[in-house]
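When we follow full-length UniProt numbering, the leftmost residue of the sequence shown carries the number 1, and every step to the right adds one.
Contents: one structure, followed by commentary.
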Amino acid sequence: MPCANARHILVDTEEECLKLKTEIENGADFAETAKLNSACPSRMRGGDLGTFAQGQMVPEFDQVVFSGDLNKVLGPVKTDFGYHLIEITKRW
């Protein structure tokens, strides 16, 4: 079964998500941005979600993680939890 390592930032609005994506693309550190802005408890680890298998996350999140480019900031991705920025750090 395919697995991945990823980190994310979860916020309430698409506008906030796009603003943070721009900041990261302009040089802000992803982990530090997660610590300061993410609503997910993973913010304490810089947004790191660790290792998970395909099918363990909600479908919208899972689809991006298992089809998106590695080491790029992907999103906004809308789920029932809010809006995510996702960075896939490893996939196998």
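Cβ atoms here follow ideal geometry from the backbone N, Cα and C, with glycine treated the same way.
Predicted model, so just to flag it, every value in this text is computed and none were measured.
Per DSSP, Asn5 is one residue of the beta strand (DSSP E) stretching across Cys3 to Val11. Less than 9 Å divides the Cβ of Ile86 from the Cβ of Phe61.
Annotated as proximal: Ala6 and Thr89, with beta-carbon spacing under 9 Å.
Here the alpha carbon of Cys40 sits roughly 10 Å from the alpha carbon of Asp48. Closest in alpha carbon position to Ser42, among Val11, Lys21 and Asn71, is Val11. Per DSSP, Lys72 is not a residue of any alpha helix (DSSP H), being assigned neither H nor E. As DSSP reads the structure, Gly82 sits in a beta bridge with Thr79. A check of alpha carbon separations from Ala4 across Gly75, Asp80, Phe66 and Tyr83 identifies Phe66 as the nearest. Distances from the alpha-carbon of Leu36 to those of Lys72, Asp80, Asp69 and Leu20 put Leu20 closest. Taken through DSSP and simplified to helix, strand or coil, Asp62 comes out as helix.
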